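Working notes, beginning with the structure itself.
There are 2 protein chains.
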Amino acid sequence: MPVLSKPLSKPLAVTGFRVGSASCGVKSADLKGKRQDLTLIVADVPAQAAAVFTQNTFRAACVDLGEQTVRKHATNIRAIVANAGNANAGVGEMERVWSQQLIDLGAQAAGVAASQVLSASTGVIGEPFPIERIASTIHQAAESLAEDNWVQAAEAIRTTDTFAKFASRQFEQNGKTYTITGVSKGSGMIHPNMATMLGFIATDAPISAEKLQAILSPIADRSFNSISVDGDTSTNDTVYLLSSGLGLGDTELNDTSDFEQALQDVAIELAQLIVRDGEGVTKFVTIEVTGAENETQARTLGRTIAVSPLVKTAFAGSDANWGRILMAIGNSDAPIQPDKVSLRADDVLILEHGNLHPDYKDEMGMKVFSQQEFTLFVDIGLGDASAKVWTGDLTHEYIEINAEYRT
Amino acid sequence: MPVLSKPLSKPLAVTGFRVGSASCGVKSADLKGKRQDLTLIVADVPAQAAAVFTQNTFRAACVDLGEQTVRKHATNIRAIVANAGNANAGVGEMERVWSQQLIDLGAQAAGVAASQVLSASTGVIGEPFPIERIASTIHQAAESLAEDNWVQAAEAIRTTDTFAKFASRQFEQNGKTYTITGVSKGSGMIHPNMATMLGFIATDAPISAEKLQAILSPIADRSFNSISVDGDTSTNDTVYLLSSGLGLGDTELNDTSDFEQALQDVAIELAQLIVRDGEGVTKFVTIEVTGAENETQARTLGRTIAVSPLVKTAFAGSDANWGRILMAIGNSDAPIQPDKVSLRADDVLILEHGNLHPDYKDEMGMKVFSQQEFTLFVDIGLGDASAKVWTGDLTHEYIEINAEYRT
Chain R
1 MPVLSKPLSK PLAVTGFRVG SASCGVKSAD LKGKRQDLTL IVADVPAQAA AVFTQNTFRA
61 ACVDLGEQTV RKHATNIRAI VANAGNANAG VGEMERVWSQ QLIDLGAQAA GVAASQVLSA
121 STGVIGEPFP IERIASTIHQ AAESLAEDNW VQAAEAIRTT DTFAKFASRQ FEQNGKTYTI
181 TGVSKGSGMI HPNMATMLGF IATDAPISAE KLQAILSPIA DRSFNSISVD GDTSTNDTVY
241 LLSSGLGLGD TELNDTSDFE QALQDVAIEL AQLIVRDGEG VTKFVTIEVT GAENETQART
301 LGRTIAVSPL VKTAFAGSDA NWGRILMAIG NSDAPIQPDK VSLRADDVLI LEHGNLHPDY
361 KDEMGMKVFS QQEFTLFVDI GLGDASAKVW TGDLTHEYIE INAEYRT
Chain G
1001 MPVLSKPLSK PLAVTGFRVG SASCGVKSAD LKGKRQDLTL IVADVPAQAA AVFTQNTFRA
1061 ACVDLGEQTV RKHATNIRAI VANAGNANAG VGEMERVWSQ QLIDLGAQAA GVAASQVLSA
1121 STGVIGEPFP IERIASTIHQ AAESLAEDNW VQAAEAIRTT DTFAKFASRQ FEQNGKTYTI
1181 TGVSKGSGMI HPNMATMLGF IATDAPISAE KLQAILSPIA DRSFNSISVD GDTSTNDTVY
1241 LLSSGLGLGD TELNDTSDFE QALQDVAIEL AQLIVRDGEG VTKFVTIEVT GAENETQART
1301 LGRTIAVSPL VKTAFAGSDA NWGRILMAIG NSDAPIQPDK VSLRADDVLI LEHGNLHPDY
1361 KDEMGMKVFS QQEFTLFVDI GLGDASAKVW TGDLTHEYIE INAEYRT
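Listed in order, the protein sequences are those of chains R and G.
Take 1 as the starting number for the first sequence in our numbering and just add one per residue.
Take 1001 as the starting number for the second sequence in our numbering and just add one per residue.
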């Protein structure tokens, strides 16, 4: 059961983009026609593009090819083709061949050049990639292309996600309304063979590829890189951001601050949905670190707390075990001075400047920790920088899902 | 159920050391007389001392005091006093006072000066330290001092350890037989509030404090720092090494190679016992990394694999999920070149130079992973350095133990 209090709002169409999906039976032939597993996002005009990729050194060929294409052709991208069910990773020399074939098929289906196509794959690692099943079915995705098809796009990149993930924002500038819509997939914890996190975001806001990249990188750090996925990154993690605005003939935005805010909101919402759908997750916890010397230090500290199995099991047990949180803080690289550290859970002050608050009682902490959602505030008293990180708890169900055989 | 195929051999007495224990009811007064929770190790002569401590920045006062004492008085140590049941950590300003009081009580009981006493505490974090219960009972430990009492010493530092941990080795040099005996406590995974790892090792081999320290540090890296304790270090982790040899009038060993080998064997055995007793652990896995540029790189890579929840749950499920292992390798800091990486499980070659071995079949890997003990060999093909790391699996029982309330 995901930690989700209400259904997601329908994603908004983005001018200049059409989206389609197909059911190719990527994972196994008998799923063909039963489950959407191929997404095609087509820009009707040359789109500006930006991307962030996994830091894992074992990265899949699709990541290498995507990075090359963004580097060379960031001002002229026409499509994203993505499949679920097979990561096309860890399969040796054929990996790059299959990855290029997927791009070629996407280009053909979208009616654009291969150099204009970005790809992504997610699913099982180490299995031969069923390129022929995609070749015979991708036409369905082209046939279903439509502006308001974003839910299907989100559906078709799911692996073990229990729900499709999407988010939209709009902002007004120069008398026009611009839209940002994104889809994501991934798990709050780790999926057996498909830990991959994907995010595809489209906008009609007219911004050059160069600026998009400068905007996307820090926002990815504050969103997709600020959720706990067990501290591991996968071989295929990818976020693509495309803008149709300039291709549609609009004038470039000089002031991008509204766009940045809206994009950050979309990215954080997409990232949070991944935590909320984490395997076995029953709690959604925000960790807000303040008083750091810089944002990276704050984020790293937040992540150290967020990935600690000892902290995550305390969440699962509704146990306000602040000793474990201190231990996790002490394990970060930050130059912690214990007598400067304060800790609060929602509005309950636990630790003040390294000392247990005299009014604090275990029951007060337990009450906060027993909620489905709460925030831990950690102040380390070294500076003015802050960061937020989101994580879930570590439960029986997680073990159940992940200790199973792959079959 | 710990992963232990046979009972431990009785630890050997070490000339110049006597050991005693007491039941103080440190954790709660009603445990007094029911469970040993205070250990006193007394050197009959001034002992040479070396130590390694936790790298956690939230370190307990006993660690600060121990480090100071070893720095100032490493050639004249007479006792170690250690308690289980309360870590005397995270309790603010009284921590240092209580820690010094424990040292004073140990000195009094052993009939030596406080400057000659090292202390260690393990147990619950953030609870007031019951110094008065120790004060009224520590005389029992002094009264029970005996050369062959090492099992009791190991018993009395247990927290949630399911068995007492000890190991001995002897070596001959210059016509004499020297003995090394050590005790340890800790969990292969994390204990609710007492993740602390302690190790106390005594020897009659005549070696100066300075040499002991130079020998202990790298050996601690190859033993206590090469086991998976969830990637977290605690506030109180401590290893003390004492030698009575010079105090007993023996001549210093010029060649310490036999001593180093024997000490490393003892330290590795004590460290492995911690993994074997890990919470919920049903498998004991050795990860041997070869082909690294240096030993630290090899160890760091081994640890990255060893702490990954995704790898640990694969172990639990007897799932030879090599994709997860690759992912963990790719998450290390090592400059991995995928086409140089080979992976073997016991004698089954899975991956050779980045490609799945043509003869490999899932069943072969599953057979290895379904054993209670096995070894993963990871070669990264960058150099000649190697390291071994030991870890367990991540099971339901772990969650059960750690998600419980502290009460």
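Glycine is no exception: its CB is placed at the ideal position from the N, C-alpha and C atoms.
Since the model is a prediction, treat every value here as computed from it, not as a measurement.
Proximity test, Cβ basis, 8 Å: residue i and chain R
{"i": "residue 1396 (chain G)", "result": "yes"}
{"i": "residue 1130 (chain G)", "result": "no"}
{"i": "residue 1227 (chain G)", "result": "no"}
{"i": "residue 1009 (chain G)", "result": "no"}
{"i": "residue 1233 (chain G)", "result": "yes"}
{"i": "residue 963 (chain G)", "result": "There is simply no residue 963 (chain G) to check, as chain G begins at 1001 and stops at 1407 in what is shown."}
{"i": "residue 1327 (chain G)", "result": "yes"}
{"i": "residue 1098 (chain G)", "result": "no"}
{"i": "residue 1090 (chain G)", "result": "yes"}
{"i": "residue 1177 (chain G)", "result": "no"}
{"i": "residue 1190 (chain G)", "result": "Bear in mind that the predicted position of residue 1190 (chain G) carries a pLDDT of just 49, short of 50, making it unreliable; the figure below should be weighed with that in mind. Yes, its Cβ sits closer than 8 Å to a Cβ of chain R."}
Assigned secondary structure, residue i (DSSP; H/G/I helix, E/B strand, else coil)
{"i": "residue 1142 (chain G)", "result": "helix"}
{"i": "residue 309 (chain R)", "result": "helix"}
{"i": "residue 365 (chain R)", "result": "helix"}
{"i": "residue 418 (chain R)", "result": "Outside the shown range of chain R, which is 1 to 407, sits residue 418 (chain R), and nothing can be said about it."}
{"i": "residue 1277 (chain G)", "result": "coil"}
{"i": "residue 1266 (chain G)", "result": "helix"}
{"i": "residue 1029 (chain G)", "result": "helix"}
{"i": "residue 85 (chain R)", "result": "strand"}
{"i": "residue 127 (chain R)", "result": "coil"}
{"i": "residue 1113 (chain G)", "result": "coil"}
{"i": "residue 1121 (chain G)", "result": "strand"}
{"i": "residue 90 (chain R)", "result": "coil"}
{"i": "residue 3 (chain R)", "result": "coil"}
{"i": "residue 287 (chain R)", "result": "strand"}
{"i": "residue 376 (chain R)", "result": "strand"}
{"i": "residue 389 (chain R)", "result": "strand"}
{"i": "residue 1013 (chain G)", "result": "coil"}
{"i": "residue 99 (chain R)", "result": "helix"}
Interface flag, residue i vs chain G, CB-CB below 8 Å
{"i": "residue 322 (chain R)", "result": "yes"}
{"i": "residue 254 (chain R)", "result": "no"}
{"i": "residue 93 (chain R)", "result": "yes"}
{"i": "residue 316 (chain R)", "result": "yes"}
{"i": "residue 126 (chain R)", "result": "yes"}
{"i": "residue 199 (chain R)", "result": "no"}
{"i": "residue 160 (chain R)", "result": "no"}
{"i": "residue 238 (chain R)", "result": "no"}
{"i": "residue 122 (chain R)", "result": "no"}
{"i": "residue 75 (chain R)", "result": "no"}
{"i": "residue 313 (chain R)", "result": "yes"}
Cβ-based neighbour list, residue i, same chain, cut-off 8 Å, excluding 5 preceding and 5 following
{"i": "residue 1255 (chain G)", "result": "1173"}
{"i": "residue 1105 (chain G)", "result": "1081, 1131, 1134, 1135 and 1138"}
Residue i Cβ short of 7 Å to the ligand COA heavy atom set
{"i": "residue 176 (chain R)", "result": "You won't find the ligand COA in this model; it holds no ligand whatsoever."}
Close beta carbons around residue i, own chain, < 7 Å, minus the five adjacent residues each side
{"i": "residue 1096 (chain G)", "result": "1061"}
{"i": "residue 109 (chain R)", "result": "40, 138, 139, 141 and 142"}
Sequence-distant residues of the same chain with beta carbon closer than 6 Å to residue i, five excluded per side
{"i": "residue 1259 (chain G)", "result": "1205"}
{"i": "residue 1262 (chain G)", "result": "1169, 1171 and 1180"}
{"i": "residue 186 (chain R)", "result": "197 and 274"}
{"i": "residue 1301 (chain G)", "result": "1289, 1332 and 1334"}
{"i": "residue 1369 (chain G)", "result": "1318 and 1320"}
Next on the checklist: Suppose only complete runs of 3+ residues qualify. What are the beta strand (DSSP E) ranges in the stretch 1154–1242 of chain G, listed by chain order?
Outcome noted: 1165–1173, 1176–1185 and 1198–1203
Item to check | Residues from the stretch 1277–1309 of chain G in contact with chain R, defined by Cβ distance under 7 Å | outcome: 1308 and 1309
Checklist entry - Taking any Cβ of chain G, which residues in the stretch 44–71 of chain R have a Cβ under 9 Å from it, in chain order? => result 54, 55, 56, 57, 58 and 59
Checklist entry - Residues in the stretch 1329–1343 of chain G with C-beta within 9 Å of chain R's C-beta atoms, listed in sequence order? => result 1329, 1330, 1331, 1332, 1334, 1335, 1336, 1337, 1338, 1339 and 1341
Checklist entry - Counting only runs that start and end within the stretch 1030–1084 of chain G, where is the beta strand (DSSP E) found for 3 or more residues in a row? => result 1038–1053
Next on the checklist: At a CB distance below 7 Å, what residues from the stretch 349–374 of chain R approach chain G? Give them in sequence order.
Outcome noted: 354, 355 and 356
Item to check | Within the stretch 308–364 of chain R, ranges of the alpha helix (DSSP H) (whole runs, at least 4 residues) | outcome: 309–316 and 322–330
Item to check | Contact residues within the stretch 1378–1402 of chain G, judged by C-beta distance below 7 Å to chain R | outcome: 1394, 1395, 1396, 1399 and 1402
Checklist entry - Residues in the stretch 29–41 of chain R with C-beta within 7 Å of chain G's C-beta atoms, listed in sequence order? => result none
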